[in-house]
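In UniProt numbering, the protein residues as written are 1 to 506.
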């Protein structure tokens with residue numbers, strides 16, 4: 001059979017033959033007028049000479065493994081439909097082929113059957129994930145039959161993929177170096193503690209703000225305590241995660257003691273099934289998925305995954321699974337800190353638990369945060385049939401493959417987390433440190449010049465800074481400044497402006 005220009009190749013071809021609906025490919029491959037394979041942002045161009053024939057299913061599987069980002073859901077679904085004898089014939093002809101060995105390994109995993117081929121008894125063990133293309137994890141399985149090492153970021157039943165990106169790695173190193181430099185060059189330990197205490201509170205308030213909630217004192221205190229306790233980095237277990245859920249959800253009616261046993265969903269304003277914007281995995285699949293997720297996070301220390309990438313997988317991976325009926329978003333942001341706080345504390349060498357207030361960055365870039373969440377949630381929603389049964393009641397049927405919740409490309413989620421870390425360091429920690437230093441200078445200058453109550457000085461500094469270094473007329477007449485001559489207020493305003501400018505507020 002001939003191959004025509006624009007014909008799908010690799011995963012794109014497998015998707016047309018697959019009996020399972022799948023999320024759309026981010027970078028599908030097609031035959032194109034090129035002499036060598038070209039990787040474009042939204043497409044892979046493949047020369048005619050490199051493309052398998054349309055009906056060569058094994059050829060397209062091998063092409064996908066060789067040239068495209070690992071897509072375990074589509075790979076496993078395609079292999080489930082592949083004739084065993086046909087694959088066995090190809091393997092017998094080329095028993096040492098790296099990619100055929102992988103196909104044999106994955107076929108046996110997904111079908112839970114044995115191919116009619118002999119065990120491979122020669123050749124070195126090959127990694128499933130090429131360390132030059134992907135970040136990799138611990139050795140989850142050393143398969144003697146196929147002489148393969150499964151070295152994904154998680155076990156085969158829960159294994160997101162993250163493509164290597166040297167630019168993101170460099171940005172990660174830059175954040176860590178700048179954070180360490182800032183900590184080591186901060187001569188005033190009480191000042192450092194003030195900033196970090198502010199960061200813990202800011203992280204708490206922002207995490208609740210994302211949910212359109214106000215962190216009441218009891219909620220805020222519990223959240224901060226949970227953050228500070230993460231310095232010890234307890235292993236993830238169902239018990240530990242339910243304790244976090246009970247921390248962020250203070251209403252006894254909504255606190256939980258185990259993973260959910262009923263289907264949940266996220267709903268926006270609107271009517272009917274279209275108002276359902278995301279449906280997490282079915283209850284029947286949840287416990288297995290959470291087991292794999294927790295195993296992945298607990299094994300991050302054995303991976304080569306950079307720490308902000310780890311935070312992304314922990315946070316986004318949890319919220320996509322949505323194992324509780326309430327509080328999933330706040331717990332997911334706690335889990336980002338679960339990986340970061342111990343690592344940052346070790347990296348900076350300080351006694352106080354170090355934190356980057358990532359949620360502050362998420363609030364400041366809320367549209368970007370939502371778009372990053374929807375990179376996964378929107379295509380997964382399309383795999384569900386949702387029907388309205390009554391007021392607030394829906395009938396839901398998942399048509400997709402379980403692996404679609406278990407293995408997803410987390411590269412863009414990792415990129416977003418690096419961006420949040422950059423913002424949290426430069427705009428939040430360092431910015432707050434400068435603010436406090438200038439605030440103290442302004443307070444000292446006014447206190448030296450005038451014998452005013454502390455409350456009046458603090459109010460004036462806040463009003464002047466908030467007013468872009470000028471005092472609004474209604475503030476001048478405020479009763480809390482009553483009795484202070486106008487010329488003294490004008491002088492104090494100049495002292496405040498001098499204290500803050502030009503370093504932090506030019």
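Each residue gets a CB set at the ideal place from its N, CA and C atoms; glycine is no exception.
Beta-carbon proximity check, residue i vs residue j, cutoff 8 Å
i: residue 445; j: residue 461; result: no
i: residue 131; j: residue 276; result: no
i: residue 23; j: residue 379; result: yes
i: residue 36; j: residue 9; result: no
i: residue 59; j: residue 157; result: no
i: residue 86; j: residue 120; result: no
i: residue 203; j: residue 453; result: no
i: residue 450; j: residue 492; result: yes
i: residue 236; j: residue 297; result: yes
i: residue 199; j: residue 429; result: yes
i: residue 73; j: residue 404; result: yes
i: residue 480; j: residue 459; result: yes
i: residue 96; j: residue 303; result: no
i: residue 66; j: residue 106; result: no
i: residue 335; j: residue 312; result: no
i: residue 353; j: residue 231; result: yes
i: residue 350; j: residue 183; result: yes
i: residue 78; j: residue 116; result: no
Closest by C-alpha distance to residue i, when choosing among the options
i: residue 229; options: 177, 499, 257, 342; result: 342
i: residue 245; options: 329, 163, 409; result: 329
i: residue 55; options: 262, 16, 363; result: 16
i: residue 402; options: 282, 104, 139; result: 282
i: residue 82; options: 93, 99, 101, 61; result: 61
i: residue 434; options: 253, 84, 19, 501; result: 501
i: residue 383; options: 241, 20, 480, 286; result: 20
i: residue 173; options: 232, 289, 425, 326; result: 425
i: residue 265; options: 431, 487, 381; result: 381
i: residue 355; options: 289, 470, 175; result: 175
i: residue 143; options: 110, 417, 93, 126; result: 126
i: residue 363; options: 171, 457, 207; result: 207
i: residue 171; options: 459, 423, 161, 336; result: 423
i: residue 371; options: 46, 221, 152, 316; result: 316
Residue i, enclosing beta strand (DSSP E) - first and last residue
i: residue 396; result: 393-398
i: residue 422; result: Not the beta strand (DSSP E): residue 422 falls in the alpha helix (DSSP H), residues 411-423.
i: residue 279; result: Residue 279 -> no beta strand (DSSP E), and no H or E assigned at all.
i: residue 387; result: 384-390
Segment limits, alpha helix (DSSP H) that includes residue i
i: residue 406; result: 403-406
i: residue 117; result: Premise fails: residue 117 is in no alpha helix (DSSP H) and is neither H nor E.
i: residue 298; result: 283-298
i: residue 92; result: 84-93
i: residue 366; result: 366-381
i: residue 317; result: 307-321
i: residue 442; result: 430-449
i: residue 246; result: 238-248
i: residue 328; result: 328-348
Residue environment, residue i, which counts as buried when at least 16 other CB atoms sit within 10 Å
i: residue 361; result: buried
i: residue 414; result: buried
i: residue 71; result: buried
i: residue 409; result: buried
i: residue 214; result: exposed
i: residue 389; result: exposed
i: residue 150; result: buried
i: residue 225; result: exposed
i: residue 467; result: exposed
i: residue 483; result: exposed
i: residue 13; result: buried
i: residue 279; result: buried
i: residue 309; result: buried
i: residue 399; result: exposed
i: residue 94; result: exposed
i: residue 393; result: exposed
i: residue 506; result: Its pLDDT being 37, under 50, residue 506 is placed unreliably by the model, and nothing is read from it.
i: residue 40; result: exposed
i: residue 419; result: buried
i: residue 7; result: buried
i: residue 320; result: buried
i: residue 267; result: exposed
i: residue 90; result: buried
i: residue 242; result: buried
i: residue 448; result: exposed
i: residue 101; result: buried
i: residue 407; result: buried
i: residue 416; result: buried
i: residue 2; result: Because residue 2 sits at a pLDDT of 47, beneath the cut-off of 50, its placement in the model cannot be relied upon, and the point is left open.
Q: Could I get the ranges of all uninterrupted beta strand (DSSP E) runs contained in the segment 126-173, with 3 residues as the minimum, in chain order?
A: 141-143, 148-150
Q) Taking the runs of the beta strand (DSSP E) that are 3 residues or longer, which of them lie wholly in the segment 31-69? A) 38-40, 43-46
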